[in-house]
Amino acid sequence: MQRGILYPSRKVFVQSSASVVGGHEMKGPLASCFDIHDDKDEFGADTWEKSESEMQRLALNCAISKLGIKDTDIGALFAGDLLNQCAGSNFGLLEFDIPYLGLYGACSTAAEGLVIATLVSGSGYMDRCACVSSSHNCAAERQFRYPIEYGGQRTPTSQWTVTGSGAFIIGKDDIICEGDNQSGAVEISDVMIGRTLDYGITDANNMGAAMAPAAADTLRRYFYESGREPESFGLIVTGDLGFEGSKILRELMKTEGYPIYANHVDCGLLIYNREEQDKHAGGSGCGCSAVTVASYIIDLLRCGKVQDALFVGTGALMSPTSTNQGGSIPGIGHLVHFISHKRDV
Amino acid sequence: MLEYVYAFLTGGILCVIAQFLIDKTKLTPARILVTYVVSGVFLTAVGLYKPLVEFAGCGATTPLTGFGYSIAEGVRKAIDENGLIGALTGGLTATSAGITAAICFSFFAALFFKSKPKK
Amino acid sequence: MNLSKQTYKKYAEATAEKTPCLKNCIKAFLIGGFICTLAQGFFNLYKYLGIEEETVKSLVPVTLIFIAVLLTGLDIFDDIAKHAGAGTLVPITGFANAVASPAIDTKAEGFILGVGAKIFTIAGSVILYGILSGAIYGVIYYIVKLIMG
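Residue numbers (the working numbering), protein chains in the order written: chain L, 5 to 349; chain R, 132 to 250; chain Y, 2 to 150.
Have a look at this one:
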């Protein structure tokens, strides 16, 4: 029974990726990497939920147009978000003529989508798949916390839901975007599905701590099975552990005998100037890792500055109902291994 | 002038107690509000809150404990005037202005305003 | 991982960045105190204008509620509350914000199932437990009065 590292039966490449973000993200250090933005977070819609749908539409549209293909050239679409019943994806992606599966993996949805898209395109069932995920700060606040205008204080361990959507198109050929001769192809060589782990964290304002053990578990299994050392990877990217979770993950990995201090980065810490923008423990949400990987990380791989990267998309599988009932928050972490085909830098 | 100082100090201290509880005990703000109202009713019932109101004026009536004080005082007066039915009528009567104001103003706020992203 | 839930939970809590309690308390004291002083100012102003004292007692909270709801609508209240914490939560302003913010927020779901149904999602418990404890006090007070004659 294969339950560890999964290798697609043929080569799979990230053919195109696109990112859409809101105003807070444009004030962060990655601003220049993003494709589309709206500083008012509205995207022309009159409710926040519709704004989130529109972000997904824009993200997939942008990824498709970068490749110069049509929606009917894509075999399947895997998408998800943080809203109840995946409403963001269901409505946002209506106009595309692509067979669709809705996903829910909390903040790990970007990685979940990549894992499934890689396995499906790698299996030979279809030559090209797309995956999209998103979160919207206002829609998430409304659903998971308090009304937007409610005057509350955030604790230092709390994280800020990213307003953004990231789309990836995954396929069997290493097509490079038109007019781009500087870039190299980015391959997804293998993936690993995470296990849900519950370490009893009940504080919804400390999701980093809830997710860190799951990320550590996936990484430990990966290093053990692949026999590779953490230092042999260019980058180890985690989804949205934030300041608290990153601190704990590095400690846990050290005690497991796989120290990752040298090359670990976290999307939740990359996306904002944490202190300056008053983002407490950093960014979170499906959009957090989606936009960071779709822009900054893929760019690093394309230009060859990073030769290979492990991306662990982390998710806190909480529900407001279970939290109110005193339930704990299980975490999950799915792994995607990117390899850059760009050499001579 | 002194009444402003007393109002400031009393109101400030009541807020500090709540802040301390939020930071140190993980009590959520909603629980704090409920605790304060119920404490206000209790302290009024045992005769401790009225002297504080006489001392601090708005410093004691503005915090939510003062809301509890209004409820308890209203209930007591209504019972003195109308008997047991006052236990049902007194509380809302005494606080009706505040509750109605909050409902009506909020409705108009909902009519005229739209929530904006957090800064 | 050889880590028990209890050990991990303790470790996570110990390593978590602490809330700046002293700083929060000072800000809560100053802003909460200021709101109460402002209330006292309105109280004296209304009395100076010759309004009857019983009316003034209702008018002062109504004024504060109006200001808090307006600031909530103008997207200013949450910016103050972010610093003030309990300083804006505990005075009647916190109650007003707790009513106004879900009202504004749920407009998207319509005025009946949105605003109408959700307006008391946060403040409802204040009214429930306030009125309930008041009624219980009333019954006790009535019985005690009967016994004491």
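In this text, a Cβ means the ideal position worked out from N, Cα and C, and glycines have one as well.
Supposed contact pair Gln-41(Y) and Cys-189(R) - C-beta distance, whole angstroms, cut 8 Å:
4 Å
Cβ neighbours of Arg-254(L) in the same chain (closer than 8 Å, five flanking residues each side left out)
Pro-263, Ile-264, Tyr-265 and His-268
CB contact check: Arg-146(L) to chain Y, cutoff 8 Å:
yes
Taking the CB atoms as reference points, tell me whether Thr-73(Y) and Ile-36(Y) lie closer together than 8 Å.
no
Any beta-carbon of chain R closer than 8 Å to the one on Ile-152(L)?
yes
Can you name, in chain order, every residue of its own chain whose Cβ lies under 7 Å from the Cβ of Ile-205(L), other than the five neighbours on each side?
Ala-213, Ala-214, Ser-332 and Ile-333
Under a three-way DSSP split, which group does Pro-151(L) fall into?
coil
Going by DSSP in three states, Thr-73(Y) sits in which element: helix, strand or coil?
helix
Using a Cβ cut-off of 7 Å, which residues of the region 61-90 of chain L contact any Cβ in chain R, in chain order?
none
As a quick exercise: from His-140(L), Tyr-154(L), Gly-289(L) and Leu-97(L), pick the residue whose alpha carbon is nearest that of Asp-43(L).
His-140(L)
Pick out whichever of Ser-236(L), Gly-319(L), Arg-132(L) and Gly-249(L) has its Cα sitting closest to the Cα of Ala-13(Y).
Gly-249(L)
Alpha carbon to alpha carbon, what distance is there between Ile-343(L) and Leu-152(R)?
51 Å
Continuous beta strand (DSSP E) assignments of at least 3 residues falling wholly in the region 241-325 of chain L
268-270 and 312-320
Against chain R, does Lys-6(Y) count as a neighbour if the rule is that its beta carbon must be under 8 Å from one of theirs?
no
Taking all protein chains shown into account, decide if Gln-329(L) is buried (16 or more other Cβ within 10 angstroms of its Cβ) or exposed.
exposed
If the cut-off is 9 Å on Cβ atoms, which residues from the region 270-292 of chain L count as contacting chain Y, listed in chain order?
Asp-282, His-284 and Ala-285
In whole angstroms, give me the CA-to-CA distance for Ala-219(L) and Gln-147(L).
25 Å
Could you check the C-alpha separation between Gly-111(Y) and Ala-104(Y) for me, to the nearest Å?
10 Å
On the three-state DSSP scale, how would you describe Phe-172(L)?
strand
Are the region 216-231 of chain L and the region 311-323 of chain L touching, with three or more C-beta to C-beta distances below 8 Å?
yes
By DSSP, does Ile-192(L) sit in helix, in strand, or in coil?
strand
Lys-181(R) versus chain L: which residues are under 8 Å apart at the beta carbon?
Under the 8 Å cutoff, chain L gives no residues; its nearest Cβ is about 30 Å from Lys-181(R).
By DSSP, does Gln-157(L) sit in helix, in strand, or in coil?
coil
Output, in chain order, the set of chain L residues within a Cβ distance shorter than 7 Å of Pro-194(R).
Neighbours of Pro-194(R) on chain L: none; closest Cβ ~15 Å, over 7 Å.
Decide if the region 273-285 of chain L is in contact with the region 302-312 of chain L; the criterion is three or more beta carbon pairs, one per stretch, under 8 Å apart.
no
Using the beta-carbon count (16 or more within 10 Å), is Thr-107(Y) buried or exposed?
buried
Could you give the distance in angstroms between the alpha-carbon of Ala-191(R) and the alpha-carbon of Lys-283(L)?
35 Å
Would you say Pro-103(Y) lies against chain L (beta-carbon separation less than 8 Å)?
yes
Partner residues on chain R for Gly-355(L), Cβ-Cβ distance less than 8 Å:
Nothing about residue 355(L) can be reported from this structure: the residues present for chain L run from 5 to 349 only.
Can the beta-carbon of Gln-281(L) be found closer than 8 Å to that of His-28(L)?
yes
Please tell me whether Cys-146(R) and Val-70(Y) are closer than 8 Å, where the distance is taken between their beta carbons.
no
As assigned by DSSP and simplified to three states, the class of Arg-232(L):
coil
Option in Asn-94(L), Asp-194(L) and Thr-167(L) with minimal Cα separation from Val-18(L):
Asp-194(L)
Interface residues of chain L around Lys-83(Y) at Cβ under 9 Å?
Gly-155, Gly-156, Gln-157, Arg-158 and Asp-282
Nonlocal neighbours in the same chain, by C-beta distance under 8 Å from Ser-246(R), ignoring five residues either side
none
Using a 10 Å radius around the Cβ and a threshold of 16 neighbouring Cβ atoms, would you call Leu-129(Y) buried or exposed?
exposed
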